[in-house]
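Data first, discussion second: the structure below is written as structure tokens.
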Amino acid sequence: MIAVVGVLAGVVLATGVGMLTFQEIRDIVAAQEEAPPLPSTDGVPLDESLRRAHGGIRVDWAAGPAPDESGLDRGREVTDAPGVLMVETLLMDGRGTGTGIVLSADGLAITNYHVVEDSSEVTVTIADTGESHTATVLGRDARHDVAVLRIDDARDLETVSIDTSVPALGEPSAAVGNGRGQGYLTAVTGEVTALGESIVASSGVPDDYARLTGLIETSADVVPGYSGGPLVDEDGQVVGITTAASQGEDTESVDGYAIPVATALDVVAQVLSGEETDTVSIGVDGALGVVVATEEGAAVVKEVSPDSSAERLGLRAGDTVRAIDGRAVSSAAELSDLVNDRNVGDVVSVDWTTEDGRERSGEVALQEAVVN
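Start counting the sequence shown at 25; every next residue gets the next number (the working numbering).
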């Protein structure tokens, strides 16, 4: 289902802490597991109920680009965008922003995982009404950069309207989103320039890379803040979820990348099935209760939370974690990936070196993570 071609220089995804940059890639292959069927609404499968459900998001295609001082299209304001959300997250050292879309009237929604990753609180604003709600992360798939949300206390929300068919090369496309966290929606227009593209993402943390495959490439000038928002066709139908944009010096060197909406819905189906997979994690992850930084190719403990699993294990600030369950750890990202793949209560073995050079090992049950 996912093809793999493409080369890409660095790119930027979301605003605020935790935004992603992309590095050059070549010939990356990633498998996608078959997802369970989507739930039904009044007997109609969710994807069917969303397919051309209404006239779509209204984009002013005739207006053309609005170049800023750098030559990039700053976009045209969008005031009629049923089912589009502006997302704000609370992070340890600041706030982040992005975009999302509504899938059901009772508040099922999606955004990019990197938009909500490491957040302690998620708030969404319905773009067309200005109504704000908190939201809960039901599950996530880091491989495909999709997070499934439940909007709290939501009812009678307008949904997006989708088209799951593969867009054609050269077809007009527009990314709609909360560009640079501006607080309102804009659309940047372009055309579909490639299909089945593959990229490698880095959060800016050394050795922290993620592979994204099967992406739609667009010439639209996507900037930070559009992440998690819709890529629409000429009819305003959602065909993808914007996840990345190439970082360049001028308009010609910037491309946008979107996850096909059908792929995103596969993740939704898997999360709602309640069954975790190698890539899909549901609910709250396990955690050690430490703050770790990458230093000289090692995962160094910077802080240990009181009464945490890490404290019970005997980890202290200044220690270096060498392995989790026998798997070598050389960065904070690797440690996070290994621990976050486990559930609360799972017992893990940890090998570490103390600040004064003593080698230690032990087992501990993981606690509940305080961030998404």
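By construction, the Cβ of each residue, glycine as well, lies at the ideal position given by its N, Cα and C atoms.
Where does E387 land, buried or exposed, given buried means 16+ other C-beta within 10 angstroms? The residue labelled residue 387 in the question sits at position 363 within the sequence shown. Under this definition E387 is an exposed residue.
Contact belief for S251 with T123 at Cβ below 8 Å, rounded distance in angstroms: To locate residue 251, count along the sequence shown from 1; it is residue 227. To locate residue 123, count along the sequence shown from 1; it is residue 99. Between T123 and S251 the Cβ distance is about 7 Å, and since that is below 8 Å, they are a contact.
Please state if the CB of D290 and the CB of T242 are separated by a distance shorter than 8 Å. Taking the sequence shown and counting its residues from 1, the one referred to as residue 242 is at position 218. Taking the sequence shown and counting its residues from 1, the one referred to as residue 290 is at position 266. It is not a contact, given that the beta carbons lie outside the stated cut-off.
Can you confirm whether the stretch 165-174 touches the stretch 208-217 when touching is taken to mean that 3 or more C-beta pairs between the two stretches lie within less than 8 Å? no
Suppose contacts are defined by Cβ-Cβ distances below 8 Å. Is G298 in contact with A393 by that definition? Within the sequence shown, numbered from 1, the residue matching residue 298 stands at position 274. Within the sequence shown, numbered from 1, the residue matching residue 393 stands at position 369. Going by C-beta atoms, G298 is not nearer than 8 Å to A393.
Rounded to whole angstroms, what's the CA-CA distance from D331 to V325? Just pull it up for me. In the sequence shown, residue 331 corresponds to position 307, counting from 1. In the sequence shown, residue 325 corresponds to position 301, counting from 1. If I take the Cα positions, the gap works out to 16 Å.
Would you call P248 buried or exposed, if buried means 16 or more other Cβ atoms sit within 10 Å of its Cβ? To locate residue 248, count along the sequence shown from 1; it is residue 224. It is buried - the Cβ of P248 has at least 16 other Cβ atoms within 10 Å.
Could you compute how far the alpha carbon of Q391 sits from the alpha carbon of V111? Working through the sequence shown from its first residue, we reach residue 391 at position 367. Working through the sequence shown from its first residue, we reach residue 111 at position 87. Whole-angstrom Cα-Cα distance: 27 Å.
Do you know how far the Cα of V316 is from the Cα of T183? Here residue 183 is taken as the residue at index 159 of the sequence shown, counted from 1. Here residue 316 is taken as the residue at index 292 of the sequence shown, counted from 1. Rounded to whole angstroms, T183 to V316 spans 40 Å at the Cα level.
May I ask which residues mark the beginning and end of the alpha helix (DSSP H) holding E358? Start at 1 with the first residue of the sequence shown, and residue 358 comes out as number 334. First-last of the alpha helix (DSSP H) with E358: A356 to N364.
Sequence ranges, alpha helix (DSSP H) only - wholly within the stretch 112-171, length at least 4: 137-140
Since L62 and V363 are thought to touch, with beta carbons under 8 Å apart, how far apart are those beta carbons, to the nearest angstrom? Position 38 of the sequence shown holds residue 62. Position 339 of the sequence shown holds residue 363. Not quite, the Cβ-Cβ distance comes to about 30 Å (not below 8 Å), so this is no contact.
The beta strand (DSSP E) that contains V325, what's its start and end? Numbered from its first residue, the sequence shown carries residue 325 at position 301. Unbroken beta strand (DSSP E) run through V325: A323 to V328.
I need the boundaries of the beta strand (DSSP E) containing D375, first residue and last residue. Counting from 1 along the sequence shown, the entry for residue 375 is found at position 351. Element bounds for D375: V371 to T377.
Could you work out which residue in D97, S373, V256 and A268 is closest to S189 when comparing CA atoms only? Locating residue 189 in the sequence shown gives position 165, where the first residue counts as 1. Cα-wise, what sits closest to S189 is V256.
With the cut-off set at 8 Å, would you say V328 and L339 are in Cβ contact? Position 304 of the sequence shown, counted from the first residue, corresponds to residue 328. Position 315 of the sequence shown, counted from the first residue, corresponds to residue 339. The answer is yes: Cβ separation under 8 Å.
How about V161 and V139: are their beta carbons less than 8 Å apart? Walking along the sequence shown from the start, residue 161 turns up at place 137. Walking along the sequence shown from the start, residue 139 turns up at place 115. In this structure, V139 does not lie closer than 8 Å to V161 by Cβ.
To the nearest angstrom, report how far apart T344 and E379 are at their CA atoms. Your numbering for residue 344 matches position 320 in the sequence shown. Your numbering for residue 379 matches position 355 in the sequence shown. The alpha-carbon atoms of T344 and E379 are separated by roughly 7 Å.
Compute the beta-carbon to beta-carbon distance between V212 and A192, rounded to the nearest angstrom, for a pair I have assumed lies under 8 Å. Taking the sequence shown and counting its residues from 1, one reaches residue 212 at position 188. Taking the sequence shown and counting its residues from 1, one reaches residue 192 at position 168. Actually they are not in contact, since the Cβ atoms of V212 and A192 sit about 20 Å apart, beyond 8 Å.
Let me know the beta strand (DSSP E) ranges lying completely inside the stretch 191-269, each 3 residues or longer, listed in chain order. 196-201, 210-226, 233-242, 254-256 and 262-269
Give the range of the beta strand (DSSP E) segment to which V388 is assigned. Residue numbering aside, residue 388 sits at position 364 when the sequence shown is read from its first letter. Segment E383 to A389, the beta strand (DSSP E) holding V388.
So, using beta-carbon positions, are Y137 and R119 closer together than 8 Å? Here residue 137 is taken as the residue at index 113 of the sequence shown, counted from 1. Here residue 119 is taken as the residue at index 95 of the sequence shown, counted from 1. No. Outside cutoff.
Starting from the C-beta of G342, find all residues in its chain whose C-beta is less than 6 Å away, skip the five residues before and the five after it, and write them out in chain order. As a working mapping, residue 342 is identified with position 318 in the sequence shown. Same-chain partners within the cutoff: E379.
Figure out for me which residue from R366, V372, V285 and G307 has the closest Cα to the Cα of T135. Counting from one through the sequence shown, the residue named residue 135 turns up at place 111. Per the Cα distances, V285.
Mind checking S385: buried by the 16 CB within 10 Å criterion, or exposed? Working through the sequence shown from its first residue, we reach residue 385 at position 361. Exposed, because fewer than 16 other Cβ atoms sit within 10 Å of the Cβ of S385.
What distance in whole Å lies between the Cβ atoms of D245 and D84, which are believed to be in contact at a cut-off of 8 Å? The count along the sequence shown starts at 1 and reaches residue 84 at position 60. The count along the sequence shown starts at 1 and reaches residue 245 at position 221. Rounded, the Cβ-Cβ distance is 15 Å, inconsistent with contact.
For V368 and V374, what's the separation of their Cα atoms in angstroms? Translated into positions along the sequence shown, residue 368 becomes position 344. Translated into positions along the sequence shown, residue 374 becomes position 350. The straight-line gap from Cα to Cα measures roughly 16 Å.
On the CB-based measure, 16 or more other CB atoms within 10 Å of its CB, does R382 come out buried or exposed? Within the sequence shown, numbered from 1, the residue matching residue 382 stands at position 358. By the 10 Å Cβ count, R382 comes out exposed.
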